[in-house]
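These notes are about the structure you will find just below.
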Amino acid sequence: MDATGIGLWGVPLAILGGAIRVSTPFIFVSLGEAITERSGRINLGLEGTLVFGAMTAYAVAVMTGSPWLGLLAAAAAGLCFGLFHGWICKFPKVNDIAIGIALMLFGSGLAFFFGKPFIKPKAPNLPAIPFGAWSDIPQVQAALDVNVLFLIGAALSLVLWWAFRNTRAGLIVRVVGDSSDAARAMGFNPKTVRLVATGVGGALAGIGGAYLSLYYPGSWTERISSGQGLMAVALVIFARWNPLGCFAAALLFGGAGALGPALQSVGVTQGYYLFYAAPYILTLIIMIATSSPTRSLAGAPGELSITK
Amino acid sequence: MTDRFMLNRRQLLKTSAAGAALGLVSASFPISRAFAAATTVGFIYVGPKDDYGYNQAHAEGAASLKGIEGISVVEEENVPETVDVQKTMESMINLDGASLIFPTSFGYFDPHMLAMCAKFPDVQFRHCGGMWSKDKHPMNAGSYFGYIGMGQYLNGVVAGHTSKSKKLGFVAAKPIPQVLLNINSFLLGARSVDPTITCQVIFTGEWSLAVKEAEATNALVDQGADVITCHVDSPKVVVETAAGRGAFVCGYHANQSPLAPEKYLTGAEWNWAKVYKMFVDDLIAGTPLPNFTRGGLADGFVKMSPLGPAVGEAARKQFDATLAEMMKGGFSVIKGPLKSNKGAVVATEGQAFAETAIELESMDYLVEGVVGSTA
């Protein structure tokens, strides 16, 4: 081992660092989608919301000089997209999946349009907390530079997990998601609950976008997302609509995404396309292993259009 | 059928406000359009035209034509390497009257551009990349490219002087000949300074994948690489991530020094303005356009970014000397004795491939000292 490289230790370290760096957008989008789907609706448009959030955050951060204002603006923009989706889906016979796809394209297109002048300027980044300061190895320090949004995402998944079981709001969302009739009988309006749930989901996806453009990779380009929003929506099913599961799945995907580059960097250079496919192969295996032809997915909200 | 659809969409774009939204959705809307001039030249980009990279280099070339009398330029960005690019070409020809089209991305050539060449024999097509050959392809097609490997060699010279760890890093998209030549040139440039230097390459598999490029850059720095360069469409993420980790960077495609002024050493840039002016001058003069166009530093097809503040005196001297040597012509990056990193002989003693050597355009190996694999 030479003095500057860290050899094979780079692989686990890269997976750990990658899990922390790459997972945050997955965490926020999948938590947002978990809230929306728990209320009985699917919003596939979060990919568009993610891209628009990334653009909004970057643009506002460039103009005001404050990444936090950018983050707020991204959340607000995401909220608008979510509410828009929820509002359209309130009308009878509207297919939430089709609207989601339309909003995905619309969000990306709108972000490209407004984002043009912001590709070149440089925005201030969101701060990271140096948890690696105890170590004098720069690689460890870099891997353990944890962005505040990651910590917020981790806390949020715990809070949501608890809230779905123990709070009035959480139980209302779940009853609406499991049976509209039961919800109506209890005096709740499913449409309003779903509107709010989709709005909150959109806001979280917007925050995920802010992380992309304001921290990692940390710049606004039109290719910033490359499908992460869609993957995150799929992660929710993978995680069985459980917020803690969403967090774990996001970490898994972040870490697996770092595997390919890390292996190449230590000289395992054959078959890198296969390593890049690793997270998807893993998903397939788990989905196949846990699915059953005789029942719907465990934990699936009863009102979801894909499980009905 | 597709023709009619295309026509409708374009008309809609022109006439209705709703069209604006539609265009956004399709993510491939025309940026500018002019009708009056006699000759229209079309440019098609695979990504956004201000990406600090490949597309920006072409767009800057296109922009240089805009002042020329009698020439109008139409551009379309974010056009995928699918049947979409055929629709874009048809629409540029049918609606904008383009008589010369530059589809600038590698994957546009086969089958898309070739299909259009057959369909519109009166229109000239020139593709950026090395794929046109006289026996196989029509005469209204052609290709142009620059010997930018020379620029990566110069990057390597500066990197070799600057690196303390003697390990360099290269973030590459796909193992195609042009990318491999750049990787090899970068390492050989560095080895002209110190023959013990190695270069770690990481392939991301795609031309533009921001997060994976950032991960690759981090992985390279983790392994001790202290000068990073790349061959991806937009080097912005690589440059910013590497500089953020304290590594030096060499640029590619365009000048990225504003992104990391302290850490940017130099960069290999395209100078497409020169090439596009050449074609357009021929077009105006009525002379047939060349089908096979190549050029390097001496021809002005390629240029180097100004040396950054971190470049030392020794590096500066060797950079200037090597550049002067290249400007004379006949400089060979690949010269024997040279082995691939799998041990195969790629050039025997006394054998040298100048930048013009056509063999280099089918390169399928990484030279000794590069840590990486082509598959």
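Same order as they appear, the protein sequences are chains A and B.
Mapping of the first sequence onto the numbering used here: residues -10 to 297, in sequence order.
Mapping of the second sequence onto the numbering used here: residues 7 to 381, in sequence order.
Just so it is clear, CB atoms sit at the ideal spot from N, CA and C, and this is done for glycine as well.
Quantities reported herein were computed from a predicted structural model and do not represent experimental measurements.
(message) Please return the same chain residues whose Cβ sits closer than 7 Å to the Cβ of B/T46, not counting the five positions on each side in sequence.
(response) S78, V80, D102, G103, A104, S105
(message) Using only CA atoms, which one of B/V129, B/Q92, B/N100, B/D141 lies nearest to B/M119?
(response) B/Q92
(request) Answer with yes or no whether the minimum CB distance from A/Y200 to chain B is below 8 Å. (result) no
(message) Please identify, using Cβ separations under 7 Å, the residues of the stretch 255 to 285 of chain A that lie next to chain B, in order along the chain.
(response) V255, G256, T258, Q259, Y261, Y262, Y265
(request) Output yes if chain A places a C-beta closer than 8 Å to the C-beta of B/N84; else output no. (result) yes
(request) Look at the alpha carbon of A/L115 and the alpha carbon of B/G349, and state the distance between them as a whole number of angstroms. (result) 47 Å
(request) May I have a chain-ordered list of the alpha helix (DSSP H) segments no shorter than 4 residues that lie completely inside the stretch 79 to 109 of chain B? (result) 89 to 100
(request) Determine, using beta carbons only, whether B/A196 comes closer than 8 Å to chain A. (result) no
(request) Please report the Cβ distance between B/L226 and A/S254, rounded to the nearest whole angstrom; I am assuming they are in contact, meaning their Cβ atoms lie under 8 Å. (result) 6 Å
(request) Would you kindly check if the distance between the Cβ of B/S169 and the Cβ of B/F298 is under 8 Å? (result) no
(message) I believe B/S214 touches B/V238 by the beta-carbon criterion, under 8 Å. Please report the beta-carbon distance rounded to the nearest angstrom.
(response) 6 Å
(message) Less than 8 Å between the C-beta atoms of B/V211 and A/Y265, yes or no?
(response) Looking at the sequence itself, residue 211 of chain B is Gly, so the reference to Val does not match. Cβ atoms of B/G211 and A/Y265: closer than 8 Å.
(request) Please report how far the alpha carbon of A/D167 lies from the alpha carbon of A/R154, in whole angstroms. (result) 14 Å
(request) Kindly identify the DSSP beta-bridge partner or partners of A/S97. (result) Bridge partners of A/S97: none, in fact.
(request) Express the C-alpha separation of A/K105 and B/T223 in angstroms, rounding to a whole number. (result) 26 Å
(request) Tell me B/K47's beta-bridge partners as DSSP assigns them. (result) Sequence inspection shows Val at residue 47 of chain B; the Lys mentioned does not correspond to that position. In DSSP, B/V47 forms a bridge with B/V79, B/L106.
(message) Cβ closer than 7 Å: which chain A residues qualify as neighbours of B/V243?
(response) P206, S208
(message) Please list, in chain order, the chain B residues whose beta carbon lies closer than 7 Å to that of A/S19.
(response) Ordered by position in chain B, no residue passes the 7 Å Cβ test against A/S19, which lies about 16 Å from the chain.
(message) For a contact defined as C-beta to C-beta under 9 Å, what are the partners of A/L138 on chain B?
(response) Those do not exist, as A/L138 stays about 15 Å from chain B at its closest Cβ, beyond 9 Å.
(message) Rounded to the nearest angstrom, what separates A/N84 and B/G175 at their Cα positions?
(response) 49 Å
(request) Taking 8 Å as the cut-off, decide whether the C-beta atoms of A/S62 and A/A46 are in contact. (result) Contrary to the premise, residue 62 of chain A reads as Ala rather than Ser in this sequence. It is a contact, given that the beta carbons lie within the stated cut-off.
(message) Within 8 Å, do at least three Cβ pairs link the stretch 245 to 255 of chain B to the stretch 13 to 27 of chain A?
(response) no
(request) Return the first residue and the last residue of the beta strand (DSSP E) that B/E275 is part of. (result) 270 to 276
(request) State yes or no: is the C-beta of B/L303 within less than 8 Å of the C-beta of B/L186? (result) no
(request) Report all residues from its chain with a CB closer than 7 Å to the CB of A/G176; omit the five preceding and five following residues, and keep chain order. (result) none
(request) Would you mind working out which of A/K79, A/G71, A/P113, A/R10 sits nearest A/V51, comparing C-alpha positions? (result) A/P113
(message) Against chain B, does A/P250 count as a neighbour if the rule is that its beta carbon must be under 8 Å from one of theirs?
(response) yes
(request) Identify, in the order they occur along the chain, each residue of the same chain with its Cβ nearer than 7 Å to the Cβ of B/I99, setting aside the five sequence neighbours on each side. (result) F126, V129
(request) Give the straight-line distance between the Cα atoms of B/F112 and B/S97, rounded to the nearest whole angstrom. (result) 20 Å
(request) Out of B/K55, B/I50, B/G48, B/Q62, state which residue places its alpha-carbon closest to the alpha-carbon of B/E275. (result) B/Q62
(request) At 8 Å on the CB atoms, spell out the chain A contacts of B/V185, in chain order. (result) None at all; the shortest Cβ gap to chain A is about 14 Å.
(message) Which residue wins for smallest C-alpha separation from B/N277, given the options B/K140, B/D232, B/A68, B/C236?
(response) B/A68
(message) Taking the alpha-carbon of B/L329 as reference, which of B/R300, B/K180, B/M156 has the nearest alpha-carbon?
(response) B/M156
(message) To be precise: take each residue of the stretch 217 to 242 of chain B, compare its Cβ to all Cβ atoms of chain A, and keep it if any distance is under 9 Å. Which residues remain?
(response) V217, K218, E219, A220, E221, A222, T223, N224, A225, L226, V227, D228, Q229, G230, A231, D232, D239, S240, K242
(request) Give a yes or no on whether the C-beta atoms belonging to B/V233 and A/G256 are separated by under 8 Å. (result) no
(request) Would you mind telling me which residues of chain A sit closer than 9 Å to B/C115, beta carbon to beta carbon, in chain order? (result) The sequence shown places Phe at residue 115 of chain B, not Cys. Per Cβ cutoff of 9 Å: no residues; B/F115 is ~22 Å from chain A at best.
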